[in-house]
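Asks: Questions regarding the structure given below will be posed in turn.
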Amino acid sequence: MGSLGERPSSAPPSSVGRVVIDEIRHAPVLGLIVFVPIVILLERIFPDRHTLLFLASVVAIVPLAALLSRATEAVAAKTGDAVGGLLNATLGNLTELVISLAALQAGQYLLVKASLAGAIVTNTLFMLGGSFLLGGLKHHVQEFNRVNARFQACLLFLATIAVLVPSLISEVDQPPALDVSQKLSLGLAILLIAVYALGMLFSLRTHRELFASVSHAEEDEKLWPLGLSIAILLVVTLLVALVSEIFVGSVQAAAEHLGMTPAFVGFIVVALVGAAAEMTTAFSAARANRLDLSVGIALGSAAQIALFVAPVLVLVSYFIGPEPMTLQFWRGAVTMMIVATLAATLLSNGGRGAWYAGVMALALYAIFAFTLFVLPPTNPS
Numbered sequence: 001m002g003s004l005g006e007r008p009s010s011a012p013p014s015s016v017g018r019v020v021i022d023e024i025r026h027a028p029v030l031g032l033i034v035f036v037p038i039v040i041l042l043e044r045i046f047p048d049r050h051t052l053l054f055l056a057s058v059v060a061i062v063p064l065a066a067l068l069s070r071a072t073e074a075v076a077a078k079t080g081d082a083v084g085g086l087l088n089a090t091l092g093n094l095t096e097l098v099i100s101l102a103a104l105q106a107g108q109y110l111l112v113k114a115s116l117a118g119a120i121v122t123n124t125l126f127m128l129g130g131s132f133l134l135g136g137l138k139h140h141v142q143e144f145n146r147v148n149a150r151f152q153a154c155l156l157f158l159a160t161i162a163v164l165v166p167s168l169i170s171e172v173d174q175p176p177a178l179d180v181s182q183k184l185s186l187g188l189a190i191l192l193i194a195v196y197a198l199g200m201l202f203s204l205r206t207h208r209e210l211f212a213s214v215s216h217a218e219e220d221e222k223l224w225p226l227g228l229s230i231a232i233l234l235v236v237t238l239l240v241a242l243v244s245e246i247f248v249g250s251v252q253a254a255a256e257h258l259g260m261t262p263a264f265v266g267f268i269v270v271a272l273v274g275a276a277a278e279m280t281t282a283f284s285a286a287r288a289n290r291l292d293l294s295v296g297i298a299l300g301s302a303a304q305i306a307l308f309v310a311p312v313l314v315l316v317s318y319f320i321g322p323e324p325m326t327l328q329f330w331r332g333a334v335t336m337m338i339v340a341t342l343a344a345t346l347l348s349n350g351g352r353g354a355w356y357a358g359v360m361a362l363a364l365y366a367i368f369a370f371t372l373f374v375l376p377p378t379n380p381s
């Protein structure tokens, strides 16, 4: 996670309100926080204006994601590397997790799976490509930690294989029994969480010297007090949950009205909105010649989603979903995730970045987005 902007050290915030005002002065995107009460009010007054509610909720989620990012960073910095890394893994993609939980409870599994696949592809192509492009235009050639990039890419590749297996059985069996797919997905979810936990142990404890160059905050950044950060986390999480419920309730009707499918909304819109705060940090770091931080954010966030968020949603679906969710994605989504992972591996293998590498990654992302918009999957599973 990274900084949204520095605050003057002479005026530390003493309340949630002062924190928000102080941050807005240095991160204008947080000015969109006014859309949070607006969308809540609109939902009460115009519950049937689904397109309006959809657009307003999308805008409202952006500043909430930014505040979650800053609060998570502050809490993690106060707890040490091991616990801080766990908190970043748990809370780093909290926006996507809360939106997915709301969709999961509503039984919109297509939206959940599209948002998961889209978040992985968005982080590995759009965020990474944008960082290469913006940093390369200013600094010509930049260097970053190849060890961390390869490590995160390997985790991503493992996760995409785990997603590929349930999808493959749908081609072998005619058709596969639902309980077989559910049992397989449950076992794979537990395995992925275990692998991710061991990966954190490897990178944060036993071999942390290999990852030392990847930092998540500016050295001179003034972090929020721990108690205030926890309070903001709780308040903003509740607001994200409330706005996400409005978003999920309006997305289907709004998508039809705007000529989009829930698959496209989840794959592109939700992924971009949920990662807005992290993108701001990654792009700013690249422009500041800290491409190492940008690569760590992009690939690390994608690995969190693939190995932590997706398996957690499978487990939680047994308790709050209409039926257990599987890791069986439609073939197009699996293909895009695999291609995005391979592209990120190739782009980060040399440990050096330039602007044209960013152009290629962004072009690949545009191909996926345009294809999904024009020819969305008709019956993904």
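Following full-length UniProt numbering, the numbering of the sequence shown begins with 1 at its first residue and continues without gaps.
Glycine is no exception: its CB is placed at the ideal position from the N, C-alpha and C atoms.
When you compare the CB positions of V265 and A275, do they come within less than 8 angstroms of one another, or not?
Replies: Their beta carbons are not under 8 angstroms apart, which means V265 does not touch A275 by this criterion.
Asks: State the DSSP-derived secondary structure class of Q182, mapped to helix, strand or coil.
Replies: If DSSP states are grouped into helix, strand and coil, Q182 belongs with the helices.
Asks: Check whether the Cβ atoms of V240 and L64 sit closer than 8 angstroms, and answer yes or no.
Replies: Cβ atoms of V240 and L64: closer than 8 angstroms.
Asks: Do L30 and A60 have their C-beta atoms closer together than 8 angstroms?
Replies: Their beta carbons are not under 8 angstroms apart, which means L30 does not touch A60 by this criterion.
Asks: Quick one: what does DSSP say E143 is sitting in, helix, strand or coil?
Replies: Note: E143 maps to strand in three-state DSSP.
Asks: Under the three-state reduction of DSSP, which class applies to G332: helix, strand or coil?
Replies: In the structure shown, G332 sits in a helix (DSSP, three-state: H, G or I).
Asks: What does the alpha-carbon distance come out to for the pair L364 and L125?
Replies: When rounded, the distance between both Cα atoms is 7 angstroms.
Asks: Would you check if there are 3 or more beta carbon pairs closer than 8 angstroms linking the region 178 to 192 to the region 309 to 326?
Replies: Output reads yes: the region 309 to 326 touches the region 178 to 192.
Asks: Quickly, what does DSSP pair G353 with across the bridge? List them, please.
Replies: Per DSSP, Q142.
Asks: Which same chain residues, not among the five before or five after L134, have their C-beta less than 7 angstroms away from its C-beta?
Replies: Closer than 7 angstroms at the Cβ level, and outside the excluded window around L134, lie F283, A286 and R287.
Asks: Would you identify the three-state DSSP class for N93, choosing helix, strand or coil?
Replies: In this structure, N93 counts as coil in the three-state DSSP scheme.
Asks: Classify E323 as helix, strand or coil using the three-state DSSP reduction.
Replies: Of the three classes helix, strand and coil, the one that applies to E323 here is coil, per DSSP.
Asks: With DSSP as the reference, label A106 as helix, strand or coil.
Replies: In the structure shown, A106 sits in coil (DSSP, three-state: anything other than H, G, I, E or B).
Asks: What did DSSP end up calling T206 once you bin it into helix, strand or coil?
Replies: Helix.
Asks: How many Å lie between I246 and H139 at the Cα?
Replies: Near 43 angstroms, if we compare the C-alpha coordinates of H139 and I246.
Asks: Tell me the DSSP secondary structure of A288 in three-state form.
Replies: Correct three-state label for A288: coil.
Asks: Could you tell me the distance, in whole angstroms, from the CA atom of V235 to the CA atom of S294?
Replies: V235 and S294: Cα-Cα distance of roughly 28 angstroms.
Asks: Got a sec? Which residues, its chain only, sit under 7 angstroms from residue 395 by beta carbon, not counting five neighbours each side?
Replies: Nothing can be reported for residue 395, as the shown portion of the chain is limited to 1 through 381.
Asks: If you draw a straight line from the C-alpha of L53 to the C-alpha of I230, how long is it?
Replies: The straight-line gap from Cα to Cα measures roughly 29 angstroms.
Asks: Just reading off the alpha helix (DSSP H) that V251 is part of, what are its end residues?
Replies: Segment L226 to H257, the alpha helix (DSSP H) holding V251.
Asks: Among L242, D292, G187 and Q304, which one has its Cα closest to the Cα of F35?
Replies: Answer by Cα proximity: L242.
Asks: Please identify the residue among S244, E43, L68 and S57 whose C-alpha is closest to the C-alpha of Q108.
Replies: Among S244, E43, L68 and S57, the Cα nearest to that of Q108 is on S244.
Asks: Look at the alpha carbon of F373 and the alpha carbon of A263, and state the distance between them as a whole number of angstroms.
Replies: The alpha-carbon atoms of F373 and A263 are separated by roughly 9 angstroms.
Asks: How many whole angstroms separate the CB atoms of A117 and M325, which I take to be in contact at a CB cut-off of 8 angstroms?
Replies: In fact, because the Cβ distance is near 13 angstroms, the residues do not count as touching under 8 angstroms.
Asks: Using the C-alpha atoms, what's the distance from A74 back to L201?
Replies: In a straight line, the C-alpha of L201 is about 21 angstroms away from that of A74.
Asks: What does the alpha-carbon distance come out to for the pair L233 and F267?
Replies: When rounded, the distance between both Cα atoms is 26 angstroms.
Asks: How is the alpha helix (DSSP H) around I45 delimited, first residue to last?
Replies: From DSSP, the alpha helix (DSSP H) with I45 extends over F35 to I45.
Asks: Can you tell me whether N148 is buried or exposed? The criterion is at least 16 other CB atoms within 10 Å of its CB, across all chains shown.
Replies: Burial call: buried.
Asks: Express the C-alpha separation of Q328 and V163 in angstroms, rounding to a whole number.
Replies: The alpha-carbon atoms of V163 and Q328 are separated by roughly 6 angstroms.
Asks: Where G351 and H207 are concerned, what is the direct C-alpha to C-alpha distance, given to the nearest angstrom?
Replies: The straight-line gap from Cα to Cα measures roughly 19 angstroms.
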